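Presented below is the structure to which this report refers.
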Amino acid sequence: MAVDVQAVLRAGGREAIKLLEFCVLSGQLEPVFGYLVSDYRTQATARRALALYDVFCAVGAPARMHADSALPPRNHGLLQDLQRIRADVLQVESYHATQPEHPRAVAIPPKYLFDRVCAVVDSPEHEVVRRIQERYDPALEPSENLPGGKLTASQRQFVDFVWRPQIRPYLVQAGFPRIATIGG
Numbered sequence: 159m160a161v162d163v164q165a166v167l168r169a170g171g172r173e174a175i176k177l178l179e180f181c182v183l184s185g186q187l188e189p190v191f192g193y194l195v196s197d198y199r200t201q202a203t204a205r206r207a208l209a210l211y212d213v214f215c216a217v218g219a220p221a222r223m224h225a226d227s228a229l230p231p232r233n234h235g236l237l238q239d240l241q242r243i244r245a246d247v248l249q250v251e252s253y254h255a256t257q258p259e260h261p262r263a264v265a266i267p268p269k270y271l272f273d274r275v276c277a278v279v280d281s282p283e284h285e286v287v288r289r290i291q292e293r294y295d296p297a298l299e300p301s302e303n304l305p306g307g308k309l310t311a312s313q314r315q316f317v318d319f320v321w322r323p324q325i326r327p328y329l330v331q332a333g334f335p336r337i338a339t340i341g342g
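Here my numbering is used: the first residue of the sequence shown is 159, the next is one more, and so on.
Dropping the structure here:
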C-alpha cells in the first residue's frame, strides 16, 4: 500500500500524528523535519531556526538527516545563515544582560531558510520517504508498522535515550509544542 507522506502531513489530524509517531519510532525523521519546517514557516523565530538546525542539520546532530547535498559540510549556505542567527541571538542576550531596561529583539530569520533541505528530504524519490511510502500502512497503529510490530534494540535506544530526554524537550522549548506528544 503506497501512502503519500506529504499529503498525510498536510491534512493533519490523527493520521498525521500516527505517521509522525511511526517516523520517530522507526528513526526515519525526515518527515518530522518537514512537518516542523511547515510549522516554522508560519512563525519563523531564531529559536525555532536554531533548534531545527541543531537537531536535524548540523554535523553530528542527534537526528541528522540523509540530505548531504543540502547540509554542511557539502553545503555551507545554511551553516552561514545559522551562524549569523546564532550570533544575533548571543548579541541580544549579552545586550540584555547589561541593559535590561532597553529591550532589543532578535532579527526574524527568513521563512524560506530550510527550503533547500526540504526540497531534498520531502522528495518522493528520497530514500527514507520512498521507504515509508512503500511500507507504511495508515490503517495500522504506528508500532504495528514496525518490522515484527515492535521496536528493535537500536530504535528503543534512540527513543528512550535521545528522542524523549533530549530532542523532544529541546524542540518543545524552542517553540514547537505540537511535537510534545510524539514519541511516547
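C-beta: ideal position from N, C-alpha, C; glycine also.
Bear in mind the structure is a predicted one, so any value in this text is a computation, not a measurement.
Under the three-state DSSP convention, the category residue i falls into
i	result
Thr256	helix
Pro261	coil
Glu251	helix
Ala338	helix
Glu299	coil
Val217	coil
Asp197	helix
Ala165	helix
Ile266	coil
Pro231	coil
Ala245	helix
Cβ pair residue i, residue j closer than 8 Å
i	j	result
Tyr347	Leu178	Residue 347 lies beyond the range of the chain shown here (159 to 342); nothing can be said about it.
Pro300	Phe180	yes
Asp246	Val264	yes
Leu167	Ala221	no
Trp321	Val182	yes
Val278	Ser227	yes
Ala207	Ile243	yes
Glu292	Ala160	yes
Run of the alpha helix (DSSP H) containing residue i, from where it starts to where it stops
i	result
Ser184	171-184
Val286	285-293
Gln315	311-316
Cys276	273-279
Pro327	326-331
Leu210	204-210
Whole-Å CB distance - residue i paired with residue j, under 8 Å assumed
i	j	result
Val344	Leu329	Residue numbering for the chain in the displayed model covers 159 to 342; residue 344 lies beyond these limits and cannot be assessed.
Lys269	Ala332	About 16 Å; that fails the 8 Å criterion.
Val163	Val287	6 Å
Leu128	Asp239	The structure shown does not extend to residue 128, since the chain is modelled only from 159 to 342, so the question has no answer here.
Ile290	Pro189	7 Å
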